[in-house]
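The structure appears below as structure tokens.
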Amino acid sequence: MVEKGHKIRVGVIFGGRSGEHEVSLQSAQSVMQALAPAKYEVVPIGIDKNGRWLTGDPLLALTEGRASQPATLLPDPQSATLMKVEERERRVTGLTAVAELDVIFPVLHGPYGEDGTVQGLLELANLPYVGAGVVGSAVGMDKAIFKQVMAASGLPVLPWRLVLASQWQAQPEATLAAIEAELPYPVFTKPANLGSSVGISKCHNRAELTAGLDEATRYDRRVVVEQGINGRELEVAVLGNDDPLASVVGEIRPRRDFYDYIAKYISDDSELIIPAPLTPEMAAQVRELAVQAYRAIDCAGLGRVDLLLDKDYGKLYINEINTIPGFTRISMYPKLWEASGLSYSDLLDKLIELAMARHEEKEKLKKSFEIE
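This is the structure in structure tokens:
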């Protein structure tokens, strides 16, 4: 519990081993600049592409290649302290306390950060943290399990099929035939556990499907093959714990064939429309579906839910959820809340408040069972 009158010490974790490392650095820089110095003391915690944790000035270390101090966070619930690692000839010789932390703000996108791994460490350390817990993070990261949970919850998803890399390598012809028997072209091939549209292909025929499966299995042993539609790409920002709120609806109109990695981060020709031009009834339905998806995976803090609206039949489908969405000032999640009346800095305040409230609720639960 933070003492009254004291600044809240926020550990901002960024970087990481995923392909979204650079995006994370941009998000973290925006977050750290916007955390009000009158309220917060920011402790930057970087993770390089090899998974090495850093303190000091890790943002400069990761963006400009400068030296930084190795660090670690121990899974000790009695000591929520960032430790500086003392080394000699690549061997750990000692640990020195850097700062006791009140709350963690993970700004990690993709595997090894958004998938429940870091959240598990923070649970062991008994530290409050922004965002979904271990289960919500893991389910939100895995496209196949997410779709299974949506379907089991009675929420609409497009027809899809799971392909294992081992299955594809051992029986390519049978795999292609099974997909074609179930899903008409075009289809999308997606690594089950990557974000930012990395490794995703749109396939219009067998040759493209073969190439798409080859590409996706380079990144993951599990691949989602999903029915393509003539659809509008809609996004909703959700905020809260047990009683989440939905923002206005936004729409992405990519100039490319679909909203891939290049469209998201390299090309600037995608059109972002806030609010999306929808009837009030359709907008309400989109927002309600987003909240239902968020609740179905036990998400907390924040999440951006992506949906598809079929242009031909007017039907809505839940596509995916991002439990740590991009967080630069021009990212869709904060822009959706800004359009809904919540500023970037107020959004950060709310997320930290939600993290600490959720931790306090968990602390009230019994930790043991005693037989009288």
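Numbering (my numbering), first residue to last: 4 to 375. We put the beta carbon where it would ideally sit given N, CA and C, even for glycine. Predicted model only: the values in this text are computed from it and were never measured.
Which of helix, strand or coil DSSP assigns to residue 73:
Correct three-state label for residue 73: strand.
Span separating the alpha-carbon of residue 65 from that of residue 57
9 Å
Should residue 292 and residue 255 be called a contact, given that it needs their Cβ atoms to be closer than 8 Å?
no
Can you tell me which of the three DSSP states residue 143 falls into?
helix
Return the CA-CA distance between residue 299 and residue 205, expressed in angstroms with no decimal places.
In this structure, the straight-line span from the alpha carbon of residue 299 to that of residue 205 is close to 28 Å.
For residue 44, which residues of its own chain have a beta-carbon under 6 Å away from its beta-carbon, when the five flanking residues on both sides are left out?
10 and 12
Please classify residue 81 as buried or exposed, where buried requires at least 16 neighbouring CB atoms within 10 angstroms.
exposed
The region 121-133 contacting the region 353-360, beta-carbon criterion three pairs below 8 Å:
yes
Out of 368, 185 and 283, which one is the CA nearest neighbour of residue 228?
It is 185.
Unbroken stretches of the beta strand (DSSP E), 3 residues or longer, contained in the region 36-95
43-50, 56-58, 72-76 and 84-91
Ends of the alpha helix (DSSP H) at residue 123?
120-127
Does DSSP put residue 149 in a helix, a strand or coil?
helix
Cβ of residue 189 within 8 Å of Cβ of residue 202?
Annotated as distal: residue 189 and residue 202, with beta-carbon spacing of 8 Å or more.
Spell out the partners DSSP gives residue 204 in its beta bridges.
192
Alpha carbon of residue 250 to alpha carbon of residue 275, nearest angstrom:
15 Å
In three-state terms, what does DSSP make of residue 178?
helix
Going by CA-CA distance only, name the one from 110, 217 and 208 that's closest to residue 325.
110
Are the CB atoms of residue 290 and residue 252 within a distance shorter than 8 Å?
yes
Let me confirm a value: residue 122 is counted as buried when at least 16 other C-beta atoms fall within 10 Å, else exposed. Which label applies?
buried
Compute the distance between the beta-carbons of residue 46 and residue 76, then report whether it is under 8 Å.
no
By a C-beta neighbour count over all protein chains shown, 10 Å radius and 16 as the cutoff for buried, is residue 242 buried or exposed?
buried
Is residue 159 helix, strand or coil by DSSP?
coil
Let's see if you can read the secondary structure: which residues bound the beta strand (DSSP E) around residue 250?
Where residue 250 is concerned, the enclosing beta strand (DSSP E) stretches over 248-256.
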